[in-house]
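Residues in the sequence shown are numbered from 92 upward in steps of one, following this note's numbering.
Shown next, in structure tokens, is the structure this report addresses.
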Amino acid sequence: MVIKNVNLETVCGITSKLPKNTLPEVAFAGKSNVGKSSLINALVNRKSLARTSGQPGKTQTINFYNVNEEMYIVDLPGYGYAKVSKEVAAKWGPMIENYLHTSEQLRMVFLLIDLRHKPTNNDVQMYRWILSNGFSPVIVATKADKIKRSQLQKQLKLLKDTLKVIEGVPIVPFSAVTKAGRDEIWELIEEYALT
Ligand code: GTP
Ligand code: MG
Numbered sequence: 092m093v094i095k096n097v098n099l100e101t102v103c104g105i106t107s108k109l110p111k112n113t114l115p116e117v118a119f120a121g122k123s124n125v126g127k128s129s130l131i132n133a134l135v136n137r138k139s140l141a142r143t144s145g146q147p148g149k150t151q152t153i154n155f156y157n158v159n160e161e162m163y164i165v166d167l168p169g170y171g172y173a174k175v176s177k178e179v180a181a182k183w184g185p186m187i188e189n190y191l192h193t194s195e196q197l198r199m200v201f202l203l204i205d206l207r208h209k210p211t212n213n214d215v216q217m218y219r220w221i222l223s224n225g226f227s228p229v230i231v232a233t234k235a236d237k238i239k240r241s242q243l244q245k246q247l248k249l250l251k252d253t254l255k256v257i258e259g260v261p262i263v264p265f266s267a268v269t270k271a272g273r274d275e276i277w278e279l280i281e282e283y284a285l286t
């Protein structure tokens, strides 16, 4: 996709109502600090449109980015970050669930997993939940630049085995540093969400 314009159109906090969008939506889910915002910036060729941080828990809202008046990229709050208050932590799950459950325009959900680590119980839950709600999941194995080439297959196997990835679910190794995987992600979006 050629990015002509992109803007953060809607920000939803815990108490805000979700927008009734009419364009297709593609959402990005994953543990806090896994690289969701960095991936979104890479997709739309902007350095700091989606705010990134070395500190986990940066994105605490559901952010809708309008791309070319053609579709929305949806940045979901990261889960599994221990240091937010219990009150906030307890609301994130239902907030994400409610969005995945009620959005009429959501076409596909990308689940981001840090390629360096074994997926957590939260990751496994999120993966199952995406499947059981009938969404077409794509797994993005993030921070691929941080592992040695010789470790790639081993880490991908750990990811597949832990999540019990079923056949046909694409797994895309990605790096926000080298942009490896970016084109493949756009191809998948165009194939599953925009046709
Ligand atoms: P929350 O908003 O807290 O849920 O985090 P997030 O998933 O949006 O992560 P974010 O994009 O803010 O990235 C977290 C940290 O990881 C930042 O310091 C990024 O620079 C770094 N990071 C993200 N992607 C990559 C990558 O592909 N390679 C490397 N080396 N670092 C990355
Ligand atoms: Mg973020």
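Beta carbons are placed, not taken as given, at the ideal position from N, Cα and C, and that holds for glycine.
Could you confirm whether any beta carbon from chain D is found closer than 8 Å to the beta carbon of residue i?
| i | result |
| --- | --- |
| Lys-248 | The chain labelled as chain D is not found in the depicted structure, where only one protein chain is given. |
Tell me which residues share the same chain as residue i and place their Cβ nearer than 8 Å to its Cβ, disregarding the 5 neighbours each side in the sequence.
| i | result |
| --- | --- |
| Ala-235 | Leu-206, Leu-243, Pro-264, Phe-265, Ser-266, Thr-269, Ala-271 and Gly-272 |
Less than 8 Å between the C-beta atoms of residue i and residue j, yes or no?
| i | j | result |
| --- | --- | --- |
| Tyr-156 | Ser-123 | no |
| Ala-284 | Val-117 | yes |
| Asn-136 | Asn-96 | no |
| Ile-204 | Gly-121 | yes |
| Tyr-218 | Leu-249 | no |
| Pro-261 | Leu-279 | yes |
| Met-92 | Glu-281 | yes |
Sort the options by Cα distance to residue i and report the nearest one.
| i | options | result |
| --- | --- | --- |
| Arg-198 | Lys-239, Thr-113, Val-97 and Leu-247 | Thr-113 |
| Thr-233 | Gly-104, Lys-111, Ser-144 and Leu-130 | Leu-130 |
| Asn-154 | Thr-143, Glu-160, Glu-161 and Leu-167 | Leu-167 |
| Gln-98 | Gln-146, Gln-196, Leu-140 and Thr-211 | One point to set straight first is that residue 98 is Asn, not Gln, in the sequence displayed. Minimum Cα distance to Asn-98 is reached at Leu-140. |
| Leu-191 | Thr-143, Pro-110, Gly-145 and Ser-128 | Pro-110 |
| Ile-187 | Ile-280, Pro-261 and Phe-119 | Phe-119 |
| Leu-202 | Thr-211, Gln-196, Gly-225 and Ile-230 | Ile-230 |
Please classify residue i as buried or exposed, where buried requires at least 16 neighbouring CB atoms within 10 angstroms.
| i | result |
| --- | --- |
| Val-165 | buried |
| Val-215 | exposed |
| Gly-126 | buried |
| Ile-276 | buried |
To which residues of the same chain is residue i closer than 6 Å at the C-beta, ignoring the five residues directly before and after it?
| i | result |
| --- | --- |
| Leu-162 | At residue 162 the sequence reads Met, which differs from the Leu that was named. Same-chain partners within the cutoff: Leu-114 and Pro-115. |
| Thr-143 | Ser-128 and Ser-129 |
Shorter than 7 Å, the distance from the beta carbon of residue i to the closest heavy atom of the ligand GTP, or not?
| i | result |
| --- | --- |
| Asp-252 | no |
| Pro-168 | yes |
| Thr-143 | yes |
Measuring only from the beta carbon, is residue i closer than 7 Å to any heavy atom that is part of the ligand MG?
| i | result |
| --- | --- |
| Gly-121 | no |
| Ser-223 | no |
Please go through the same chain and pick out, in chain order, the residues whose beta-carbon is closer than 7 Å to the beta-carbon of residue i, but skip the five residues on each side of it.
| i | result |
| --- | --- |
| Thr-193 | Leu-109 |
Hey, is residue i close to the ligand ADP, as in C-beta under 7 Å from one of its heavy atoms?
| i | result |
| --- | --- |
| Asp-236 | The ligand ADP is not part of the structure shown, which contains the ligand GTP and the ligand MG as its ligands. |
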